[in-house]
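Asks: Each residue of the sequence shown is one higher than the one before, counting from 193 in my numbering.
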Amino acid sequence: MAIAPARPSPLAAIFKVNKPLIGNVHCAPLPGTPRYRGEPMSAIVKRAVEDARAYAAGGMNGLMLENHGDIPFLPPGEIGPEIVAAMSVLVKAVAEAVDLPYGINLLANSAIGALAIAKATDARFIRVNQWVNAYVANEGLVEGESGRALRFRRMIGADDVAIFADVHVKHGAHAIVGDRGVAELARDTEFYDADVAIATGNRTGDTVPPEEIAAVRAGTRLPVIAGSGIAKDNAAALMAELDGAIVGSSLKHDGVWWNQVDPARVEAFVTEVRRHHPA
């Protein structure tokens with residue numbers, strides 16, 4: 193039974209390829225965060241631009257820019273203007289350096305902040321790790337802010353910014369009491385007007401289990417992409433079940449998320465995926 197009006201998939205419109213591969217730019221710690229060590233903003237921007245260029249040169253189809261270096265993350269309502277400002281500067285620099293569509297993930301779970309950055313920088317999409325319901329995360333109790341975020345999106349004239357929403361988000365106890373399955377959570381994601389559903393493993397870099405993908409598929413008509421754990425060795429099999437993927441850790445030097453992008457890994461990964469799933 194349909195639970196929301198059908199909407200066209202934004203993936204083809206944004207990326208213009210089959211099964212788009214989105215490279216995750218894990219930004220270095222931004223000013224004001226615990227791991228920041230006083231580097232000039234220009235150095236942080238330079239690193240992000242280098243990673244973005246490595247993804248583009250290796251054949252990735254898009255970019256996801258996120259403030260992953262800002263660990264430990266704050267709840268969305270406590271993320272300060274210094275982070276939104278720094279991310280806006282960084283994203284704009286990447287956009288000027290690399291001709292790929294890009295999106296924003298403002299951690300932790302700041303859909304409204306991400307939309308503000310997206311509008312200011314012409315980003316095409318945002319990722320929101322908890323779009324609907326509530327869960328206990330590393331940051332404490334995190335509530336989905338889809339209602340407020342969609343009203344904010346309308347207010348700033350950003351209806352063309354797509355929402356990529358995690359269904360069974362990593363790093364948390366899901367839906368507080370866990371009395372509803374993944375398929376039901378996927379239904380909620382579509383019901384609350386997300387545009388793309390994301391399936392992930394339990395932590396950054398963890399492989400998304402095939403049964404997780406199947407459960408998300410069972411609950412929604414939205415396109416389903418992976419949000420973690422896709423690597424050269426599992427890409428052919430997992431991408432057969434997916435409409436795209438956000439890929440980061442496996443494409444870094446030594447496969448470690450905080451390292452910079454390894455161009456050789458990117459090229460090998462894209463070659464393997466496209467050998468089985470042409471763009």
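Even glycine gets a Cβ: it sits at the ideal position worked out from N, Cα and C.
Under the three-state reduction of DSSP, which class applies to ARG444: helix, strand or coil?
Replies: Here the question's residue 444 lines up with position 252 in the sequence shown. Looking at the sequence provided, one finds Lys at residue 444 rather than Arg. In this structure, LYS444 counts as strand in the three-state DSSP scheme.
Asks: What residues in its chain sit with their C-beta under 7 angstroms from that of VAL359, if we drop five residues either side in the sequence?
Replies: To locate residue 359, count along the sequence shown from 1; it is residue 167. Within its own chain, the residues whose Cβ lies closer than 7 angstroms to the Cβ of VAL359, once the five positions on either side in sequence are excluded, are VAL374, LEU377, ALA378, THR381, ALA389, ILE390, ALA391, VAL408, listed in chain order.
Asks: Closer than 8 angstroms is the cut-off here; do at least three beta carbon pairs connect the stretch 245-261 with the stretch 290-297?
Replies: yes
Asks: Please list, in chain order, all residues of the same chain as SER442 whose beta carbon is under 6 angstroms from its beta carbon, the five residues on each side excluded.
Replies: Stepping through the sequence shown from its first residue, residue 442 is reached at position 250. So the qualifying residues of the chain are ALA423.
Asks: Taking only three categories from DSSP, how would you classify ALA423?
Replies: Position 231 of the sequence shown holds residue 423. The three-state reading of DSSP puts ALA423 in coil, since its state is none of H, G, I, E or B.
Asks: Between the stretch 444-461 and the stretch 235-248, can you find at least three pairs of beta-carbon atoms closer than 8 angstroms?
Replies: yes
Asks: Which of the three DSSP states is assigned to ARG466 in this structure?
Replies: Numbered from its first residue, the sequence shown carries residue 466 at position 274. Residue state, collapsed to three classes: helix.
Asks: Looking at the unbroken alpha helix (DSSP H) that takes in ALA205, where does it start and where does it end?
Replies: On the sequence shown, position 13 is the one that residue 205 refers to. Residues 202-207.
Asks: Do the CB positions of VAL416 and ALA357 come within less than 7 angstroms of each other?
Replies: For the purposes of this step, residue 416 is taken as residue 224 along the sequence shown, with counting starting at 1. For the purposes of this step, residue 357 is taken as residue 165 along the sequence shown, with counting starting at 1. The answer is no: Cβ separation not under 7 angstroms.
Asks: Quickly, what does DSSP pair PHE461 with across the bridge? List them, please.
Replies: Residue 461 sits at position 269 when you count from the first residue of the sequence shown. In DSSP, PHE461 forms no bridge with anything.
Asks: By the 10 Å Cβ neighbour count, where 16 or more other Cβ atoms means buried, how is LEU333 classified, buried or exposed?
Replies: The residue you call residue 333 lines up with position 141 of the sequence shown. Around the Cβ of LEU333, a 10 Å sphere holds fewer than 16 other Cβ atoms; the residue is exposed.
Asks: Within 10 angstroms of its Cβ, does ALA240 collect 16 or more other Cβ (buried), or is it exposed?
Replies: In the sequence shown, counting from the first residue as 1, residue 240 sits at position 48. Result: buried.
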